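Quick note: the sequence shown uses my numbering, first residue 47, plus one each step.
Glycine residues also receive a C-beta, built at the ideal position from the N, C-alpha and C atoms.
In this text, all values refer to a predicted model and were calculated from it rather than measured experimentally.
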Amino acid sequence: MWLAVLCEQRVLISNEHGEKLVGLLHQTSSKKLVILCHGFRATKDDSILVDLAAAITMEGISAFRFDFSGNGESEGEFQYGSYRKEAADLRSVVLYFSKQKYDIIALIGHSKGGNAVLLYASKYNDVPIIVNISGRFALERGIDGRLGRNFMQRINKDGYIDVKNKKGELEYRVSKASLEDRLSTDTLHSSRAISKDCRVLTIHGAKDEIVPAEDARQFAANIPNHELRIMAEANHRYTGHEQELTSLVLGFVRPHLQSASSPLRPKL
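Here it is in structure tokens:
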């Protein structure tokens, strides 16, 4: 059996703060590249990204999955908000591979990673395909589930909130600045700022227990060149529906492999 992957290479990339981002490059014989982004409190080894990377390389396309700063093996301090910083991390990754003469054809993100790829597209408009898997449109929602209903009063009083697990052990600290970063990230403005030359796919599970499918419809209503796929039985992790998810992603990316060169390319 012929294997598409020639090698898997650990790659270190410095972000604009000098922090090392750690990723894994699945190198095929092609210089076409798809970059994969993980969600909140996840890493490059999230099973959704691992499965997508395997499927993409079987198409003969190279894939790169990495840890955002403060996550996984990458340097930096974990932050609760950091939407803009993660888009900037992604910019450092795109520029690195552009300098290595890769043709970056798509950015794919799951959950918070979906927000990162959309924010990237709104600011730089230089990658032709964006896939947003279960990203959150209404960033003001979902906070009380993690921080408690009175989170604003507590953070205004103490300047931070410590999030603990069921055993009472500290998982991470939410600073007032990181909470404000999330609340000031304008998904409506950024969605409308994405170029019509950029093709965007949003995939969402109708049974998503973390981000409601209504958020996907909001992206669809505001992104200029957009396709929406709601998976009727899928949850936030696509448990039991992994193959269907992969099939939708590949179906959206595959036509670009045969199409003419896109006007969108990173400018060094």
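Item                                                                                                                            : Value
Three-state class that DSSP yields for Val-163 in the structure shown                                                           : helix
Nearest residue (CA-CA) to Val-173, options Asp-243, Cys-53, Ile-94                                                             : Asp-243
Exposed unless 16 or more other CB atoms sit within 10 angstroms - verdict on Leu-95                                            : buried
Which residues DSSP lists as bridging Glu-54, in chain order                                                                    : His-72
Residues of its chain near Trp-48, where Cβ-Cβ distance is below 7 angstroms and the 5 sequence neighbours each way are ignored : Legend: pLDDT at Trp-48 = 46, less than 50; position of this residue unreliable, value from coordinates given subsequently. The answer is none, since no qualifying residue turns up.
Backbone CA spacing between Met-198 and Thr-231 [nearest angstrom]                                                              : 17 angstroms
As assigned by DSSP and simplified to three states, the class of Tyr-148                                                        : coil
Beta-carbon spacing of His-287, Ile-175 below 8 angstroms                                                                       : no
Sequence-distant residues of the same chain with beta carbon closer than 6 angstroms to Tyr-218, five excluded per side         : Phe-124, Val-209
Assigned secondary structure, Val-173 (DSSP; H/G/I helix, E/B strand, else coil)                                                : coil
Outcome for Asp-190 when other beta-carbon atoms lying within 10 angstroms are tallied against a minimum of 16                  : exposed
Ser-180 and Val-257 closer than 8 angstroms at C-beta                                                                           : yes
Rounded separation between Ile-102 and Leu-136 - CA only                                                                        : 19 angstroms
Straight-line gap, Ile-207 to Ile-240 (C-alpha atoms, nearest Å)                                                                : 34 angstroms
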